Amino acid sequence: MNYARVFQHTGAVDKYEHVTYAPGSYASRINERQRAYLRALVRRSFPDRRPVQHDFACGTGRAIRSLHGLVREAHGYDTSADMLAKAAEVGTRAQLHAIPADGPVPQPAPADGPALVTMFRLLLNVDDAVRDRALAFAAKALPDPGAGLLVIENHGNTNSLRHLRAHRLRGQRWFAELSHDEIDRLLARHGFETVERRGFSMLTQGWYERRGLDRIARGVDSAASVLPGTDRYAVNVVYVARRVRPS
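Quick note: the sequence shown uses the numbering used here, first residue 1, plus one each step.
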């Protein structure tokens, strides 16, 4: 539950990059769908000028690499020096910034023109104080409705099949959930509103780890990721938000 502490270790970083996101894994399949969606989103949302990407809690730079070639420049921010080192090692084309885990909200790197702020695999893994810190950073990078877009991920939607395990797993350090309403309230506290929502997995990781079910799971999730309305019950959900007022 404490991102800043968990990833201050090269072993944890290597496991995240090479095991969690191993080719064909549950996380890597979701990432493939998200990458296609993000690239289409940037093309249609910024037709006149490519945005500058600010990836908060960038980790190994996966969200940045997803948008290589579609942004004018990219900046990655993380509290883990090992994560930033791995991001550079695997070819993330960005300026990487080490930031403190607490204290004043970090300043986004100066950039003119539209901006895209991204946050993946963060909100579910931290407490409310860190969530508010992350959204306060986004509000600095996106001071008004015309400044650009915020894209955040919730990989534990309360309304999904994953919730069926909540009673048994509640209290486990690694298990957490966030509802759509909780995400909307977090956004609203910092002057944002959701303008688009998309789900990227209806089924849980266990389906992908069972021989004979993995192919079915991939088909179901691929279809669901392009069908309207499935985001309400998806396990993994991405929210696109725009600034509506000063926080």
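Ideal placement from N, C-alpha and C gives every residue a C-beta, glycine not left out. Owing to the predicted nature of the structure, the values given are computational and were not obtained by experimental measurement.
- ARG33 and SER160 do not touch by the CB rule: their CB atoms are close to 15 Å apart, not below 8 Å.
- Along the length of the region 143-228, whole beta strand (DSSP E) runs at least 3 residues long occupy 148-154 and 192-201, reported in chain order.
- ARG133 and PHE120 have their alpha carbons spaced roughly 15 Å apart.
- Rounded to whole angstroms, the separation of the alpha carbons of GLU89 and THR194 is 34 Å.
- In summary, ARG131 is buried, with 16 or more beta-carbon neighbours lying within 10 Å of its beta-carbon over all protein chains present.
- For the beta strand (DSSP E) assignment, the uninterrupted runs of no fewer than 3 residues enclosed by the region 21-105 are, from N- to C-terminal side, 52-56, 73-78 and 95-98.
- VAL130 carries a helical assignment under DSSP once its states are collapsed to helix, strand and coil.
- Using a Cβ-Cβ distance cut-off of 8 Å, the region 79-86 and the region 38-53 are not in contact, since fewer than three pairs of beta carbons, one from each stretch, lie closer than that value.
- Per the coordinates, the alpha-carbon of GLY206 lies some 23 Å from the alpha-carbon of ARG62.
- In the DSSP secondary-structure assignment, VAL238 is bridged to GLU153 and ARG198.
- Contact between the region 229-244 and the region 196-212 is present, with at least three C-beta pairs closer than 8 Å.
- If you look at ALA115, you'll find it in the beta strand (DSSP E) that goes 115-119.
- Of the residues ARG189, ALA74 and LEU178, the one whose Cα lies closest to the Cα of LEU96 is ALA74.
- Here DSSP, grouped into helix, strand and coil, assigns ARG243 to strand.
- Of the candidates ARG93, PRO143 and LEU135, PRO143 places its Cα closest to the Cα of ASP112.
- Secondary structure of ALA109 (DSSP, three-state): coil.
- In the assembly as shown, GLY219 is an exposed residue. Its beta-carbon has fewer than 16 other beta-carbons within 10 Å.
- THR60 and ALA87 do touch by the CB rule: their CB atoms are close to 5 Å apart, below 8 Å.
- Secondary structure of LEU123 (DSSP, three-state): helix.
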